[in-house]
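Heads up, the thing below is written out as C-alpha cells.
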Amino acid sequence: MTTAAEFDELTGRYAAFIQSLGVEPGDRVAVQVEKSVEAVMLYLACLRAGVVYLPLNTAYRESEIAYFLGDAAPKVFVHSPKDVEWVVPICESLSLANCFTMPPSRLDANAKVEEKRADWDTNARKCPPINGFVHRGDDDLACILYTSGTTGRSKGAMLTHKNLSSNALTLHRAWGFTDGDVLLHCLPLFHVHGLFVALNTILLNGGRIVFHSRFDAVAAIDALKKATVFMGVPTYYTRMLAEPSFNAQCCEHMRLFVSGSAPLLAETFEEFRQRTGHTILERYGMTETGMITSNPLHAERRGGTVGLPLPGIDVRVARDDGSIAMPGEIGHIQLKGPNVLAGYWQLPEKTAEEFTEDGYFKTGDVGMFSDDGYLSIVGRSKDLVISGGYNVYPKEIELLIDTLDGVGESAVIGLPHPDFGEAVAAVVAKKADAALEEAAIISTLKEQLANFKIPKRVFIVAELPRNTMGKVQKNVLRQQYGDTFAPKAAAEKV
Ligand code: MCA
Ligand code: AMP
Numbered sequence: 001m002t003t004a005a006e007f008d009e010l011t012g013r014y015a016a017f018i019q020s021l022g023v024e025p026g027d028r029v030a031v032q033v034e035k036s037v038e039a040v041m042l043y044l045a046c047l048r049a050g051v052v053y054l055p056l057n058t059a060y061r062e063s064e065i066a067y068f069l070g071d072a073a074p075k076v077f078v079h080s081p082k083d084v085e086w087v088v089p090i091c092e093s094l095s096l097a098n099c100f101t102m103p104p105s106r107l108d109a110n111a112k113v114e115e116k117r118a119d120w121d122t123n124a125r126k127c128p129p130i131n132g133f134v135h136r137g138d139d140d141l142a143c144i145l146y147t148s149g150t151t152g153r154s155k156g157a158m159l160t161h162k163n164l165s166s167n168a169l170t171l172h173r174a175w176g177f178t179d180g181d182v183l184l185h186c187l188p189l190f191h192v193h194g195l196f197v198a199l200n201t202i203l204l205n206g207g208r209i210v211f212h213s214r215f216d217a218v219a220a221i222d223a224l225k226k227a228t229v230f231m232g233v234p235t236y237y238t239r240m241l242a243e244p245s246f247n248a249q250c251c252e253h254m255r256l257f258v259s260g261s262a263p264l265l266a267e268t269f270e271e272f273r274q275r276t277g278h279t280i281l282e283r284y285g286m287t288e289t290g291m292i293t294s295n296p297l298h299a300e301r302r303g304g305t306v307g308l309p310l311p312g313i314d315v316r317v318a319r320d321d322g323s324i325a326m327p328g329e330i331g332h333i334q335l336k337g338p339n340v341l342a343g344y345w346q347l348p349e350k351t352a353e354e355f356t357e358d359g360y361f362k363t364g365d366v367g368m369f370s371d372d373g374y375l376s377i378v379g380r381s382k383d384l385v386i387s388g389g390y391n392v393y394p395k396e397i398e399l400l401i402d403t404l405d406g407v408g409e410s411a412v413i414g415l416p417h418p419d420f421g422e423a424v425a426a427v428v429a430k431k432a433d434a435a436l437e438e439a440a441i442i443s444t445l446k447e448q449l450a451n452f453k454i455p456k457r458v459f460i461v462a463e464l465p466r467n468t469m470g471k472v473q474k475n476v477l478r479q480q481y482g483d484t485f486a487p488k489a490a491a492e493k494v
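Sequential numbering from 1 applies to the sequence shown in this note's numbering.
Right, here's the structure in full:
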C-alpha cells in the first residue's frame with residue numbers, strides 16, 4: 001500500500017529531479033511506461049513541477065514513438081526497460097539526452113528491480129523533495145495527449161490546468177464523491193478516461209484507490225467488494241457479464257458504475273441492471289474536451305443516451321448550415337466550456353478548423369437532444385473506429401497498407417465485434433496479377449503499428465465499390481462484411 005504521505009514525499013522528489021534536469025515550466029516530459037503507482041507519481045510530479053506531462057500508449061511501436069518525440073520535442077523521455085533497444089537510437093537521433101527507464105513497479109512487494117543507472121525512480125529518490133508546487137496559471141499547459149486524426153497524422157491536444165481542474169471538480173460533484181469512496185482503477189493511465197476521469201476525481205476526493213495494472217474481469221469482480229466506484233469502457237462490462245459468477249452479491253459494496261469512451265449497447269445496459277441491480281451511468285467525452293455530458297446520479301439514467309450537458313458546459317446540436325437543430329433532430333454535436341482544449345500542438349490552422357466561427361468546438365460526433373435534454377449519439381461524421389475503447393483512424397492504416405507491394409488501394413472499416421464493440425478490418429484491392437495474403441499483410445502491419453490498430457481480418461478483393469462520384473463506399477463494405485465477427489459466423493468458421 002502507498003499512503004498519501006508517501007505520495008506527497010515521492011512526488012516531491014520526482015518533481016525535484018525533473019527540475020534538476022533543467023526542465024522548465026512549459027517543457028514536455030514524455031512517458032511511455034507500464035501502469036504502476038510510480039507512473040501515477042510521475043504524472044503528479046510533472047504537474048507539481050509545472051512542466052507538461054505527455055503520456056503515450058504502451059502499445060505504440062518504434063515508428064509511432066519516433067513521430068511523437070520528434071513532434072513534441074520533450075526534454076525528458078521515461079520509457080519501459082524492455083524497449084531500450086529501439087528507444088536509445090531514436091533519442092540519440094533527436095539529441096534527447098534525458099532518457100530514463102521505469103520498470104513495472106518497485107512499490108509492489110514482489111517486484112525484483114535491479115538498480116540501474118538510467119532508472120528514473122532510483123535517481124529521483126536521491127533528490128530532496130520540493131515543497132509545495134510551482135505555481136501555474138489557468139491557461140498554462142498541463143498535459144499534451146496525442147489523438148489520431150482523419151488525415152492519418154496524430155495531433156497533440158494541448159490541455160491546460162483549467163481544462164483538467166474544471167472537469168475534475170465538475171465530475172467530483174456530479175457523481176457525488178464522498179468520504180469513504182474507494183475507486184477500483186483498472187483503466188490504462190495514458191488516456192483521458194483512466195488518467196483524468198478516474199484518477200483526478202478520486203485524488204480530489206482524497207479517497208482510496210484499488211489499483212490494478214490492467215483489466216482482468218475475474219480480478220476486477222473480486223476487487224469490487226473493496227470498492228464503491230468503478231469506471232470502465234463497455235468491453236469491461238461485457239467481459240464481467242460473461243463471467244457466470246458475476247451477480248448482485250459481487251456488487252454489494254458498490255454505489256456507482258460509470259461507462260464511457262465508446263457506445264454502451266442497450267443489451268449490456270439492461271443485462272447489467274438485471275444481474276446486479278445497478279444502473280450503469282453512461283457519460284460522453286473526448287480527449288480534446290474531457291467529459292461533456294453525463295447521465296445523472298440521482299435522476300433517470302437513460303440507456304442509449306449519454307445524458308445531460310455537465311454544469312458549465314454549453315452543448316448544442318447544429319444543422320449542416322450552422323443553425324441550431326430542434327430536439328429530436330439529428331445534427332453535429334458542438335460545445336463550449338472551460339474543459340475545451342487550448343489547441344493542437346503547433347497546428348494553429350488545424351485548431352482553427354475544429355472550431356465554429358462563434359467559438360464552439362466541433363466534436364465530429366452526430367447526435368440529437370430529447371425534449372427533456374438527454375443527448376444521444378447516433379453516429380460520427382469523422383471516419384473513426386472505436387475498438388475496446390481505443391480510437392483507430394482508418395486513414396493511418398490505409399496509408400500504410402497502400403505502400404505494400406501488390407496493393408492497389410485499401411479501405412479500413414469498423415465491424416461489430418462481441419468483445420471490442422467494433423473491430424478493425426481492412427478490405428484490400430490487389431493490383432492485377434499480384435498475389436496478396438492476409439497473414440502477410442497483418443504481420444507487416446504488426447511491425448509498425450500499435451496492436452489495437454491491427455486489422456483483425458484483411459479481405460483481399462479485385463476492386464473496391466465506388467459511388468457515382470468515385471468515392472469508396474465504406475457503408476457497402478460494412479454491410480457486406482458486417483457479420484464477420486458475429487458469434488454465429490465465428491462458430492461456423494471453427
Ligand atoms: C487489446 N487488443 C485489442 C484491444 N486491446 N484489439 C482491439 N481493440 C483493443 N482495444 C488485442 C491485442 O492486440 C492482442 O492481440 C489481444 O487483443 C490481447 O491483448 P491484451 O493486451 O491482452 O488485451 P486486453 O488486456 O484484454 O485488453 C483489452 C482491453 C484494453 C482491456 C479492452 O484494450 C483496454 O483496457 N481498453 C481501454 C481503452 C481506454 O482506456 N480507452 C479510453 C480512451 P494479438 O493477440 O493479436 O496480439 S479515452 C476516451 O476515449 C475518451 C476521452 C473517453 O470518453 O473516455
Ligand atoms: P478520444 O478521441 O479517444 O477522446 O475519443 C472520443 C470519442 O469517443 C468521441 O468523439 C466519441 O465518438 C466517442 N465516445 C466517448 N464516449 C462515448 C459514449 N459514451 N458513447 C459513444 N461514443 C463515445
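Every residue gets a Cβ at the ideal spot worked out from N, C-alpha and C, and that includes glycine.
Just so we're clear, the structure is a prediction, and the values are computed from it rather than from any experiment.
Should residue 254 be labelled buried (16 or more other beta-carbon atoms within 10 Å of its own) or exposed? buried
CB of residue 277 within 8 Å of CB of residue 248, strictly: For residue 277 and residue 248, yes; Cβs fall inside 8 Å.
Hey, is the segment 2 to 10 in contact with the segment 77 to 96, meaning 3+ C-beta pairs nearer than 8 Å? no
Ligand 1 heavy atom lying under 7 Å from the CB of residue 215: yes
Nearest by alpha-carbon distance to residue 485: which of 231, 100 and 414 is it? 414
Runs of beta strand (DSSP E) lying entirely within the segment 26 to 71, each at least 3 residues, in chain order: 28 to 32 and 52 to 55
Per DSSP, what are the beta-bridge partners of residue 417 in this structure? 421
Distance cut-off 7 Å: residue 339 Cβ against heavy atoms of ligand 1: Answer for residue 339: no, Cβ out of range of ligand 1.
Own chain residues within Cβ distance below 7 Å of residue 45, not counting five before or after: 11, 14, 15 and 18
Cβ distance (whole Å) where residue 95 is taken to contact residue 213 below 8 Å: The Cβ separation is near 33 Å, so there is no contact.
For residue 204, name the three-state secondary structure that DSSP assigns. Here residue 204 sits in helix by DSSP.
Kindly examine ligand 1 and report whether one of its heavy atoms sits closer than 7 Å to the Cβ of residue 192. yes
Exposure of residue 289, with buried meaning 16 or more beta-carbon neighbours within 10 Å: buried
Which ranges would you report for the beta strand (DSSP E) in the segment 262 to 341 if only whole runs of at least 3 residues count? 281 to 286, 290 to 294, 314 to 318 and 331 to 336
If residue 333 and residue 367 are in contact, beta carbons under 8 Å, what's the gap, nearest whole angstrom? 5 Å
How big is the Cα-Cα spacing for residue 376 and residue 181? When rounded, the distance between both Cα atoms is 30 Å.
Roughly how many angstroms separate the alpha carbons of residue 454 and residue 251, rounded to a whole number? 35 Å
With the cut-off set at 8 Å, would you say residue 444 and residue 311 are in Cβ contact? no
Could you check whether the Cβ of residue 197 sits closer than 7 Å to any heavy atom belonging to ligand 1? yes
Compute the distance between the beta-carbons of residue 145 and residue 164, then report whether it is under 8 Å. no
So does residue 233 have its beta carbon nearer than 7 Å to some heavy atom of ligand 1? With a cutoff of 7 Å, residue 233 counts as near ligand 1, since its C-beta is closer than that to a heavy atom of the ligand.
Burial state of residue 493, where buried means 16 or more other Cβ atoms lie within 10 Å: A caution first: residue 493 carries a pLDDT of 48, below 50, which makes its placement in the model unreliable, though a value can still be read off. Exposed: under 16 other Cβ atoms inside 10 Å.
Kindly list the residues whose CB is nearer than 8 Å to the CB of residue 271, restricted to its own chain and excluding five residues on each side of it in sequence; keep chain order. 241
Compute the minimum distance between the beta carbon of residue 365 and the heavy atoms of ligand 2, and state whether it is under 7 Å. Yes - ligand 2 has a heavy atom lying nearer than 7 Å to the Cβ of residue 365.
Counting pairs of beta carbons, one from the segment 47 to 62 and one from the segment 138 to 157, are three or more of them closer than 8 Å? The answer is yes - the segment 138 to 157 touches the segment 47 to 62, with three or more Cβ pairs under 8 Å.
Is any heavy atom in ligand 2 found nearer than 7 Å to the beta carbon of residue 302? no
Nearest CA to the CA of residue 185: which residue from 121, 223, 26 and 411? 223
I'd like the ranges of any beta strand (DSSP E) spanning at least 3 consecutive residues and lying wholly in the segment 194 to 265. 208 to 211, 229 to 232 and 256 to 259
Might you give, ordered along the chain, the residues of its own chain that have their beta carbon closer than 8 Å to the beta carbon of residue 430, omitting 5 neighbours on each side? 406, 407, 408, 436, 460, 461 and 462
Please tell me whether residue 427 and residue 411 are closer than 8 Å, where the distance is taken between their beta carbons. yes
Looking at ligand 1, does it come within less than 7 Å of residue 297, judged from the CB to the closest heavy atom? no
Using only CA atoms, which one of 296, 23, 348 and 306 lies nearest to residue 157? 348
Using 7 Å as the cut-off, classify the Cβ of residue 487 as near or not near the heavy atoms of ligand 1, replying yes or no. no
What number of angstroms, rounded off, separates the C-alpha of residue 72 from the C-alpha of residue 275? 46 Å
Beta-carbon proximity of residue 339 to residue 167, cut-off 8 Å: yes
State the Cα-Cα distance for the pair residue 325 and residue 331, rounded to the nearest angstrom. 6 Å
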